[in-house]
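Residue numbers (the numbering used here): 5 to 162.
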């Protein structure tokens with residue numbers, strides 16, 4: 005009859021190990037979401053700074069506008085007075101990655117570039133494997149300022 009006690013102990017240990025694994029996964033997901041929220045703020049600030057610099061330049065014939073919404077979480081860059089974004093970055097709820105779509109200034113069709121952005125560390129980003137037609141390799145880590153350049157450049161200077 006001792007084997008029954010052993011089996012119940014094994015079940016208890018397996019349940020405890022599973023609970024610990026799930027708790028560790030939840031902690032990691034919370035860490036990644038907090039990192040994504042900070043990265044989002046950094047990227048928004050870098051985009052805003054680049055847009056302000058572009059708009060202040062005397063050769064900029066058209067002005068840019070940055071729109072940020074919280075529900076859903078989206079950053080969009082427009083030419084002032086237009087309704088179609090040049091750049092759209094979204095952060096799906098509960099996800100630690102961002103998706104982007106870039107429309108070239110010379111292309112009025114659907115997004116010419118697109119893919120995934122992965123916050124790698126605080127103030128560091130990488131492009132996901134699904135990225136299309138960008139300059140950077142997905143293993144290169146970029147600062148928010150570098151990422152802003154990578155995202156805005158094809159739209160503003162195709």
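Glycine included, each C-beta is placed from N, C-alpha and C at the ideal position.
Remember, predicted model here, so these are calculated numbers, not experimental data.
Endpoints, beta strand (DSSP E) assigned at residue i
i	result
residue 132	Looking at the DSSP string, residue 132 is not in any beta strand (DSSP E), and its letter there is neither H nor E.
residue 40	Element bounds for residue 40: not the beta strand (DSSP E) but the alpha helix (DSSP H), 6-60.
residue 125	117-125
Distance between residue j and residue i (C-alpha atoms, nearest Å)
i	j	result
residue 107	residue 35	32 Å
residue 137	residue 54	In this prediction, residue 137 has a pLDDT of 47, which is less than 50 and means its spatial position is unreliable; what the coordinates show is noted afterwards. For residue 137 and residue 54, the distance between alpha carbons rounds to 22 Å.
residue 37	residue 8	43 Å
residue 10	residue 18	12 Å
residue 143	residue 89	28 Å
residue 20	residue 6	21 Å
residue 14	residue 133	41 Å
residue 153	residue 60	16 Å
residue 62	residue 127	31 Å
Distance CB(residue i)-CB(residue j) smaller than 9 Å
i	j	result
residue 125	residue 51	no
residue 76	residue 96	yes
residue 151	residue 70	no
residue 72	residue 159	no
residue 148	residue 41	no
residue 146	residue 104	no
CA nearest to the CA of residue i, picked from the options
i	options	result
residue 68	41, 130 and 83	83
residue 131	86, 63, 149 and 102	102
residue 94	57, 119, 149 and 154	119
residue 231	20, 44, 27 and 21	Because the chain spans 5 through 162 in this model, residue 231 falls outside it and cannot be assessed.
residue 163	147, 49 and 157	In this structure the chain extends from 5 to 162, so residue 163 is not present and cannot be described.
residue 66	74, 16, 85 and 104	85
residue 117	57, 162, 87 and 29	162
Limits of the alpha helix (DSSP H) - the one that residue i falls within
i	result
residue 162	No alpha helix (DSSP H) contains residue 162, which DSSP labels as neither H nor E.
Practice problem: For the region 75-115, list the beta strand (DSSP E) runs that are entirely contained and at least 3 residues long, ordered along the chain. | Solution: 77-83, 91-94 and 102-106
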